[in-house]
Amino acid sequence: MFSRDTLHLWILAGALALVGVGFFTVRSLTVPPSFGQFGHYRGAALQIATDKERKLTTRGDCGECHATLKHEMGKSHERVHCIECHGEGKAHMTACKTAKASAKAGDALTCDKSNLMPTNIKDICLHCHQEMVGRAKKHPQIVFTEHMKDMDPKDPKSPLVCMECHSPHNPAEELSDDKEEDKDEEAKPAEAATPTAAPAAPTPAAGGAQ
Amino acid sequence: MMPHAAEFIFPNDMNGVAWTVMIVLYPYITGLVAGAFVVAALYHVFNFKVFAPVARFALAASFSFAAFATLPLLLHLHQPQRAFFIMFMPNFTSAMAGFGFIYSFYLTLLAVEILLVFRSDIVAMANEKGVKSLLYKALSLGVLRETAKSKEIDQKWIHVLSIVGIPGACVLHGYVGFIFGGIKANPWWSTALMPVIFLSSAIVSGVAMLILLYVIISKMRRVSVDDECLRVMMKLLWLFLILAVTLESLETLNMAYEAGEEWHMIHRLITEKLRFSFIYVQLLIGSAIPFVLLLIGWMKKIGPRTRVTLGTISSLLVLIQVLSMRFNVVIGGQMLSKSFRGFVDYIPEWHGREGIFVAIGVFTLPFILLTAVSQILPVWKVDAHDH
Amino acid sequence: MSCCDKKGAKDTCCETKHEPTGVMDASESRREFIWDAVKNFTFGALTLTAIPIFIEKADAEEVHTDKDGKEKTGHTVLFGYLVDTTKCIGCGGCMLACKKENDVPDGEFRTWVERYVYYKDGSVRVDVNLKGSFAFTELPPIDKETVEKSFFVPKLCNHCTDTPCIQVCPVGASFKTKEGVVLVDYEQCIGCAYCVQACPFGTRFINTKTQTADKCTWCYHRIQHGEKPACVDVCPTGTRTFGDINDPESEISKTLAENRIDVLKSYLGTRPKTRYIGLTAEVV
């Protein structure tokens, strides 16, 4: 078996064995410790995926302070996320958190409310309510010019023209009784006063992400 | 019908194909490895003594191509520095995971077989004086003597390695076919025939490459081509070409006859998108013409000079056929958007890591290595006991 | 192929072969690796035909029990996703929310919205909203008089139970969590794009920023903290529902129970956990 005639073969076998040992050595140094913890993957990847930064403002984030407003939303718009019209409101949330931290019990909170009121409300409305092939018949949708034919708006060119008849928070109800004062407007006069003063209109969540 | 009717691809397909020209090149080079090895194995295992003039060269060619078979893959990977993960943490449900091991095994086998086949020459040159002998001393593994007994043992091992290498070549390349054949999401790929198609076309390309190199290098070395060797190689090529083209056509014909829901798009793929590369190049120029040329070429009454001409032309055409077949499978399959309503455009890039220039560069590397091996080892020497 | 492909035979053959291993430590995984390597070499050529024998069913939710989940809810959480195509108005808010939430590069999509238009002459047009906003109206106009019916179909990762993408990942960079969510480990992925080829739904892509495979995660970083995926959160019509399908009281379970549910490309047997209401034969 082992003789001078087979020496070169043994050397070759030894060299290959050495490569094999090297392979397993390098492998043991390379494979992450959590690999195989739960299955054939890196267990640590689960934590990394869990810890990823949340970016978009969630409904829960808004609901923390505006839980009551949620109930005032009409049935037709109850699923519309605040950020669709009001933007992400990150500055607003940060300001509120700081205000809350420094405020004493009983103090009225003053949060930064700039940039929360959309100036381009017509575009936002039409974003979902523009007539479009594909939209279910039961979904309210209009061709803007036709819709405005029988209307007599105060300011037809205004981007806020829709709000003359519809409350964004409860548009269907307003249609049936368009003279009644908007409850939501009453509920938050400070916010209603800001739209024209807002320097840069917040884009809806959709637009902002572009 | 609207202009947009029926034409729809999934949005992520709009960025083009994920597997580019490098993945065309990878099975092409691997195929050349397997094909060249088969000729060497026919000589060593099946006693095709007629291949004696090219047996050593075939082995050297097989090794040279094998040495660069993974380079296109590395160039394709978006995280090439993690390439070794495929061997460190292989997920064996993946048709790709075994590749690292099969490839390493095969490259090792080729290297060892070369060291043994050329051992007598290596030992002889290692015993000479001069700087050059250092290389041979290394290649001789430090054992600078040969006995009748050791030669006998080496012959036995060459035989064993060749025997192991045949299923090895089948696994190596059938496996490449399975990477495509096992993808149920893609009807142009998903067929059990795919490994067999890849294997037969691999042998075709390897034999064709050997014929071409044999003829060209003989011309350069100013030696005459062994007529009988060339004739049998052309016969072998003819046989495997029939097998390969039959299988390739069978796959398409079967799909056409069954006319399942995918056929509508496959039909358009073949006749519109791949019209040139599939119908004209793969079937007509690359298969039909060489079929006739090779048939004439391997007949005994043809003169040696005509045979050389016919062999050269048909080998070149067959090499183009196999390359276009790889293209039609790899790129063609990806042109079929999974929406089955439209096609993904493939615009090959010239520059860049996966560009055509780099691909050409990669493909020249095996030839450079082969030239180097030919300088170091007597690849054209015929074993004494055969002639 | 093998018995593993047949549902009926599954219990008798595959289940006995694959015992729940629970949590493995590193040395076990090394032994596992060596054993796998031995298997691979020994069976060599056989592997080609016999691969399904070794296929580990990546049913994390079936193999691993979730201790935390049990404490919280009394059962193993299994997430599911439901798309009610009859409600979608094609506003594209989901796509843009996803893009922002997950930092998806331009021209790459974890989710998108398709529109199917059936003409009265029998032809079908499919187009896609790639921008959100008014993108559908920017496409070549459609005369609504010629249209018989039309609807939108949002698409996203199907989070299949039998995943072709995890099956083909050579390095274990794609995996399924115990809650049934299919994820990509961006530090493990070698970027071979095999999973992109294997996904029948076109939901995987090579992310040009990370240079790895990428796909919808059902916003794993949100759902693990009790929030909803970004697309579900912003959907104004309730087209998209997400929740625990093992909890019979969840909104999604109730909707699933009350409706006729379909999945995409069911013939491929991937058993998607993203399910649909209101599909037609033309939707792929």
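Residue numbers (this note's numbering), protein chains in the order written: chain A, 1 to 210; chain B, 1001 to 1387; chain C, 2001 to 2284. Just so it is clear, CB atoms sit at the ideal spot from N, CA and C, and this is done for glycine as well.
For residue i: DSSP bridge partner residues
i: P2154/C; result: V2113/C
i: L1336/B; result: F1343/B
i: Y2118/C; result: V2124/C, K2149/C
i: R42/A; result: F35/A
i: T2241/C; result: L2082/C
i: A2213/C; result: I2206/C
i: I142/A; result: Q130/A
i: I2277/C; result: D2084/C
i: D1121/B; result: None; D1121/B has no bridge partner.
Backbone secondary structure at residue i - three-state DSSP
i: L1241/B; result: helix
i: S1140/B; result: coil
i: Y2186/C; result: coil
i: S158/A; result: coil
i: F1010/B; result: coil
i: A1359/B; result: helix
i: V2283/C; result: coil
i: I2055/C; result: Unreliable positioning characterises I2055/C in this predicted model, as indicated by a pLDDT of 42, which lies under 50. A coordinate reading is not provided.
i: F2205/C; result: strand
i: V2063/C; result: Because V2063/C sits at a pLDDT of 38, beneath the cut-off of 50, its placement in the model cannot be relied upon, and the point is left open.
i: W10/A; result: helix
i: N2246/C; result: coil
i: K104/A; result: coil
i: N1127/B; result: coil
i: F2175/C; result: strand
i: D2262/C; result: strand
i: T2270/C; result: coil
Close Cβ partners of residue i (< 7 Å) along its chain, the five nearest in sequence each way excluded
i: I1102/B; result: V1171, L1172, Y1175
i: Y2267/C; result: none
i: L1025/B; result: P1072, A1359, V1362, F1363
i: H1078/B; result: none
7 Å Cβ cut-off: residues of chain A touching residue i
i: L1141/B; result: H8, I11, L12
i: K1149/B; result: D5
i: M1089/B; result: V31, F35
i: K2144/C; result: V133
Separation of residue j from residue i, as counted between CA atoms
i: S158/A; j: M148/A; result: 13 Å
i: H129/A; j: P140/A; result: 6 Å
i: F1118/B; j: A1095/B; result: 35 Å
i: G2092/C; j: L126/A; result: 13 Å
i: T1947/C; j: R2240/C; result: Outside the displayed range of chain C (2001 to 2284) lies residue 1947/C, so it cannot be described from this structure.
i: R1305/B; j: L1253/B; result: 38 Å
i: A2026/C; j: A2173/C; result: With a pLDDT of 48 at A2026/C, under the threshold of 50, the modelled position of that residue is not reliable, and the figure given next carries that caveat. Going from the Cα of A2026/C to the Cα of A2173/C covers about 17 Å.
i: V1330/B; j: V1017/B; result: 10 Å
i: I1197/B; j: G1168/B; result: 16 Å
i: D2233/C; j: T1093/B; result: 36 Å
i: N1012/B; j: G2202/C; result: 7 Å
i: V31/A; j: L1115/B; result: 34 Å
i: L18/A; j: S3/A; result: 21 Å
i: T57/A; j: T2212/C; result: 27 Å
i: D184/A; j: Q1334/B; result: Note that D184/A scores a pLDDT of 43, beneath 50, so its modelled location is shaky and nothing firm can be said.
i: W2112/C; j: K1338/B; result: 15 Å
i: L1213/B; j: P1195/B; result: 27 Å
Under 9 Å by beta carbon: chain B residues contacting residue i
i: L2130/C; result: P1011, M1014
i: L16/A; result: T1108, V1112
Contacting residues, own chain, Cβ-Cβ under 6 Å from residue i (five flanking each side not counted)
i: D1226/B; result: P1053
i: T2217/C; result: L2183
i: M1087/B; result: G1100
i: P1187/B; result: E1262
Interface residues of chain C facing residue i [CB-CB closer than 8 Å]
i: M1096/B; result: V2168, P2170, C2192, Y2194
i: G56/A; result: The amino acid occupying residue 56/A in the given sequence is Leu; Gly does not appear at that position. The answer, in chain order, is A2097, K2100, E2101, A2230, D2233, V2234.
i: L1077/B; result: I2190, G2191, C2192
Proximal chain C residues relative to residue i, where beta-carbon distance stays under 9 Å
i: N1186/B; result: Q2197, A2198, P2200
Contact list for residue i against chain C, beta-carbon separation under 7 Å
i: T50/A; result: Y2220, H2221, Q2224
i: K977/B; result: Residue 977/B lies beyond the range of chain B shown here (1001 to 1387); nothing can be said about it.
Close beta carbons around residue i, own chain, < 8 Å, minus the five adjacent residues each side
i: H1044/B; result: A1055, I1158, H1159, S1162
Chain-ordered neighbours of residue i on chain B, where CB pairs are closer than 8 Å
i: H40/A; result: M1089, N1091
Beta-carbon neighbours of residue i, restricted to chain A and to distances below 8 Å
i: I1153/B; result: D5, T6, L9
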